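Reading through the structure tokens given below for one structure.
Numbering (this note's numbering), first residue to last: 3 to 140.
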């Protein structure tokens, strides 16, 4: 909300939960212009959809906040490869893809900022969070 309260136009994103996204959108709209895009930013098409929508609706991308993430508590020896990949995609690949598609627009405008949200889990180990904590190292 700090960005909205300071006049930034906000493009919100969620992978699946459109209802929750719409609730957040109503809150943000009470402070600033805002838009909601439902897309899986852990995929190339989803990240491109989000950035393209931001450009279409607001004319560009000035600040990118990478906040997508998944944390599943499970002993490492019971963590299947598919689950590991799901966390890697949400926690790391989404950041790479959103940066990849945002940076050209920031360079074109000679201005931009990228904020990567991490976790205290990157500072301290946690029981059954091996996959998550190694992805949040700061």
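Using N, Cα and C, we set each Cβ at its ideal position, and we do this for glycine too. Given the structure is predicted, the values throughout are model-derived calculations rather than measurements.
Jot down the residue ranges of each uninterrupted alpha helix (DSSP H) in the region 66 to 133, minimum 4 residues, whole runs only, in chain order.
-> Note on the region 66 to 133: whole alpha helix (DSSP H) runs with a minimum of 4 residues are 83 to 90 and 96 to 110, in chain order.
Can at least three beta-carbon pairs, one atom from the region 21 to 37 and one from the region 62 to 75, be found at a separation below 8 Å?
-> Inter-segment contact for the region 21 to 37 and the region 62 to 75 is absent: fewer than three beta-carbon pairs are separated by less than 8 Å.
Roughly how many whole angstroms lie between the Cα atoms of residue 112 and residue 82?
-> Translated into the one-based positions of the chain shown, residue 112 becomes position 110. Translated into the one-based positions of the chain shown, residue 82 becomes position 80. Approximately 43 Å between the Cα atoms of the pair.
Start-to-end residues for the alpha helix (DSSP H) that takes in residue 54 = Taking the chain shown and counting its residues from 1, the one referred to as residue 54 is at position 52. Segment 46 to 60, the alpha helix (DSSP H) holding residue 54.
Limits of the beta strand (DSSP E) - the one that residue 36 falls within | As a working mapping, residue 36 is identified with position 34 in the chain shown. Start and end: 36 to 40.
For residue 29, count neighbouring C-beta atoms within 10 Å of its own C-beta (all shown protein chains included) and say buried if the count is 16 or more, exposed if not.
-> Here residue 29 refers to the residue found at position 27 of the chain shown. Exposed, since its Cβ has fewer than 16 Cβ neighbours within 10 Å.
Considering residue 27, what are the terminal residues of the alpha helix (DSSP H) in which it resides?
-> Position 25 of the chain shown, counted from the start, is the residue given in the question as residue 27. Note, residue 27: alpha helix (DSSP H), 20 to 31.
Using CA coordinates, which residue listed in 138, 3 and 36 is at the minimum distance from residue 91?
-> Walking along the chain shown from the start, residue 91 turns up at place 89. If we check each option's Cα against that of residue 91, 138 comes out closest.
Determine, using beta carbons only, whether residue 35 and residue 11 come nearer to each other than 7 Å.
-> Residue 35 sits at position 33 when you count from the first residue of the chain shown. Residue 11 sits at position 9 when you count from the first residue of the chain shown. Yes, the pair counts as a contact, with Cβ atoms nearer than the cut-off.
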